[in-house]
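Enquirer:
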Amino acid sequence: GAGVSQSPSNKVTEKGKDVELRCDPISGHTALYWYRQRLGQGLEFLIYFQGNSAPDKSGLPSDRFSAERTGESVSTLTIQRTQQEDSAVYLCASSIQGQNTEAFFGQGTRLTVV
Amino acid sequence: AQTVTQSQPEMSVQEAETVTLSCTYDTSESDYYLFWYKQPPSRQMILVIRQEAYKQQNATENRFSVNFQKAAKSFSLKISDSQLGDAAMYFCAYSNSGNTPLVFGKGTRLSVIA
């Protein structure tokens, strides 16, 4: 596609439920990133995929968070047993080769846990 | 760990005037990249300008320019001839050389007054 696509745009879920957030990067982009943005805050790094290398999971806040990426295409961020503190905008970005080149962001998924 | 600090939570500027947004960072690396991203209400992060640390010349992109002071670890953004469409959150970001995630500041909300 023309840009990074994220779905759903908005998600409301009940506390304790699992959610899956999807990211379709720009075709040909080998690097893919997930960030979390709490209200009024900057972006917190969650996880990074680069080609076939093992992902950098150092930013995942707990074992309730996981992410997968199929080859160099779509990625799914899963949050299990959601908590109210998980409410945030989850942003995905992709780039050709890591962050030294421009990272293109999707419009994010706003997750609200009630 | 690298950190990025934006000391101005909010700024305002009159239309057609000039405004400067501040950013400082902390790193022990000598080679790295700095970025300014704009986030309008649509949530999509847009790259405004980037600077390679090894380049002494300040980057410029039309009405946007930076004042990069490597020794002081300062990277301010100047917006000239401000337009209503410039109103947004602005984030300063840092990246090491190589495939490492961007580290973001907490952002500055810029208002443009007609």
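So the protein lines, in turn, are chains B and W. If you number the first sequence the way the working numbering does, the last residue is 669 and the count never jumps. If you number the second sequence the way the working numbering does, the last residue is 116 and the count never jumps. Quick reminder that beta carbons are idealized off the backbone N, C-alpha and C, glycines included. From a predicted model like this one, the values you see are computed outputs, not experimental measurements.
Under the rule that 16 or more other beta-carbon atoms within 10 Å means buried, what is residue 664(B), buried or exposed?
Expert: Buried, since its Cβ has 16 or more Cβ neighbours within 10 Å.
Enquirer: So, is the C-beta of residue 657(B) closer than 8 angstroms to a C-beta in chain W?
Expert: Cβ-Cβ to chain W under 8 angstroms: yes for residue 657(B).
Enquirer: Which residues in the same chain have their Cβ closer than 6 angstroms to the Cβ of residue 98(W), if we skip the five residues on either side of it in sequence?
Expert: Same-chain partners within the cutoff: 31, 34.
Enquirer: At a threshold of 7 angstroms, does residue 61(W) count as lining the ligand GTP (C-beta to nearest heavy atom)?
Expert: The model depicted lacks the ligand GTP and carries no ligand whatsoever.
Enquirer: So residue 644(B) contacts chain W; which residues on that side make the cut at Cβ distance below 8 angstroms?
Expert: Chain W residues near residue 644(B): 45.
Enquirer: If the cut is a Cβ gap below 9 angstroms, which residues of chain B does residue 93(W) touch?
Expert: Result: 597, 598.
Enquirer: Have a look at the DSSP bridge pairing and note the partners of residue 67(W).
Expert: Looking at the DSSP assignment, residue 67(W) forms a beta bridge with 62(W), 80(W).
Enquirer: Give every residue of the same chain whose Cβ lies closer than 7 angstroms to the Cβ of residue 563(B), excluding the five residues on either side of it in the sequence, and list them in chain order.
Expert: Closer than 7 angstroms at the Cβ level, and outside the excluded window around residue 563(B), lie 664.
Enquirer: List the whole-angstrom C-beta distance separating residue 115(W) from residue 17(W), where the pair is believed to meet the contact cut-off of C-beta under 8 angstroms.
Expert: Contact holds; Cβ gap of about 6 angstroms.
Enquirer: Find out if the Cβ-Cβ distance for the pair residue 644(B), residue 45(W) is shorter than 8 angstroms.
Expert: In this structure, residue 45(W) lies closer than 8 angstroms to residue 644(B) by Cβ.
Enquirer: Can you find the residues in the same chain that come closer than 6 angstroms, C-beta to C-beta, to residue 611(B), ignoring five residues on each side of it along the sequence?
Expert: Here the set comprises 603.
Enquirer: Could you list which residues in chain B have their beta carbon closer than 7 angstroms to that of residue 108(W), in chain order?
Expert: Residues of chain B passing the Cβ test: 596, 597.
Enquirer: Of the residues 47(W), 56(W), 21(W), 7(W), which one's Cα is nearest the Cα of residue 84(W)?
Expert: Ranking 47(W), 56(W), 21(W), 7(W) by Cα distance to residue 84(W) puts 21(W) first.
Enquirer: Excluding the five sequence neighbours on either side, which residues of its own chain have a C-beta within less than 7 angstroms of the C-beta of residue 41(W), listed in chain order?
Expert: Counting only Cβ-Cβ distances below 7 angstroms, and skipping sequence neighbours, we find 47, 90, 91, 93.
Enquirer: Excluding the 5 residues preceding and the 5 following residue 627(B) in the sequence, name in chain order all residues of the same chain whose CB lies nearer than 6 angstroms to its CB.
Expert: Taken in chain order, the residues that qualify are 585.
Enquirer: So, does the region 570-584 of chain B touch the region 65-83 of chain W, judging by three or more C-beta pairs under 8 angstroms?
Expert: With the cut-off at 8 angstroms, the region 570-584 of chain B and the region 65-83 of chain W do not touch.
Enquirer: Using the Cβ count rule (16 or more neighbours within 10 Å means buried), how would you classify residue 28(W)?
Expert: With fewer than 16 other Cβ atoms within 10 Å, it is exposed.
Enquirer: DSSP puts residue 607(B) in a beta bridge; with which residues?
Expert: Answer by DSSP bridge pairing: none, since residue 607(B) is not bridged.
Enquirer: Quick check: the Cα distance between residue 621(B) and residue 633(B), rounded to an integer number of angstroms?
Expert: Going by the C-alpha atoms only, they are around 5 angstroms apart.
Enquirer: Starting from residue 22(W), trace the beta strand (DSSP E) in both directions and tell me its first and last residue.
Expert: Element bounds for residue 22(W): 21-23.
Enquirer: Could you please give the first and the last residue of the uninterrupted beta strand (DSSP E) stretch that includes residue 575(B)?
Expert: Where residue 575(B) is concerned, the enclosing beta strand (DSSP E) stretches over 574-579.
Enquirer: Say whether chain W places a C-beta atom closer than 8 angstroms to the C-beta of residue 510(B).
Expert: Given that chain B is displayed from residue 556 to residue 669, the structure contains no residue 510(B) and the question cannot be resolved.
Enquirer: For a test of the three-state rule: what should DSSP assign to residue 86(W), helix, strand or coil?
Expert: It is helical.
Enquirer: DSSP state of residue 640(B), grouped into three classes?
Expert: Correct three-state label for residue 640(B): helix.
Enquirer: Give every residue of the same chain whose Cβ lies closer than 7 angstroms to the Cβ of residue 709(B), excluding the five residues on either side of it in the sequence, and list them in chain order.
Expert: Residue 709(B) lies beyond the range of chain B shown here (556 to 669); nothing can be said about it.
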